[in-house]
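S.K.: Please see the structure below; I have some questions.
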Amino acid sequence: MPDPIHVFAYGSLIWRPGFAYEARHPALLRGFHRRFCLTSRYYRGTAEQPGLVLGLDRGGACRGVAFTVAAEAAEATLAYLDARENVAGEIVYTRRLLPARLLDSGRVVQAVTYVADRRHAAYCRPAPEAAAAAIARGIGQAGANRDYLINTVSHLRELGIRDAALDRIAALLPPG
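Take any residue in the sequence shown, note its place counting from 1, add 1, and you have its number in this note's numbering.
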């Protein structure tokens, strides 16, 4: 029987995976960090008023969650994730298999991970003030960009994770 797969989550997948899983583990991925580095013209913004979404960008490390998905559900889960992460076939994330450490056991697993494609036109590196302004304005098919940021920060805190960059952007949001 084939082995289950692991999926590394660092943003909305943590709080809204959208697929069945057998287990959820706190996890650490080295070599990448969580960052608002992709413009969103669908989920969290529009063509006229783009929002920002998280991506894994090179450097550092990222604490998140590794989901264990049953082998028999792997193909459907990957198809779902490919469609969710790369809307309408626009490849802004590259699916990669990277080593992630499960923090509850210390075991290292190969985890399916979606990394921001730095060559894509949607890739950006806004200063925190510019990120907060775009997030404050962004509203897309999945709702307000502000809610995406706040939900992510809230769920990270529930896991005992403080992300200073996300906390700074949240602190810069205008009231609303």
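For glycine and all other residues, C-beta sits at the position ideal for the given N, C-alpha and C. Because the structure is a prediction, the values reported are computed rather than measured.
Considering only the alpha carbon of each residue, which of Ile151, Pro129, Val70 lies closest to Arg169?
M.R.: Within the sequence shown, residue 169 is the residue found at index 168, counting from 1. Ranking the options by Cα distance to Arg169, first place goes to Pro129.
S.K.: Does the Cβ-Cβ distance between Val93 and Ala101 come in under 7 Å?
M.R.: Here residue 93 corresponds to residue number 92 of the sequence shown, with the count starting at 1. Here residue 101 corresponds to residue number 100 of the sequence shown, with the count starting at 1. Against a cut-off of 7 Å, the Cβ pair of Ala101 and Val93 comes out as no contact.
S.K.: Find the nearest neighbour of Gly141 within the set Leu160, Leu157, Ser106, Gln50, judged by alpha-carbon distance.
M.R.: To locate residue 141, count along the sequence shown from 1; it is residue 140. Closest by alpha carbon: Gln50.
S.K.: Contact between the segment 32-48 and the segment 70-81: three or more CB pairs below 8 Å?
M.R.: no
S.K.: Taking the straight line between their C-alpha atoms, what separation do you get for Val154 and Arg163?
M.R.: The residue given as residue 154 occupies position 153 in the sequence shown. The residue given as residue 163 occupies position 162 in the sequence shown. Cα-Cα distance, rounded: 8 Å.
S.K.: Tell me the DSSP bridge mates of Cys63?
M.R.: The residue labelled residue 63 in the question sits at position 62 within the sequence shown. For Cys63, which the question treats as bridged, DSSP gives the partners Leu30.
S.K.: Going by the beta-carbon positions, is the gap between Trp16 and Asn146 smaller than 7 Å?
M.R.: As a working note, residue 16 is residue 15 in the sequence shown. As a working note, residue 146 is residue 145 in the sequence shown. One thing to note: Trp16 has its Cβ no nearer than 7 Å to the Cβ of Asn146.
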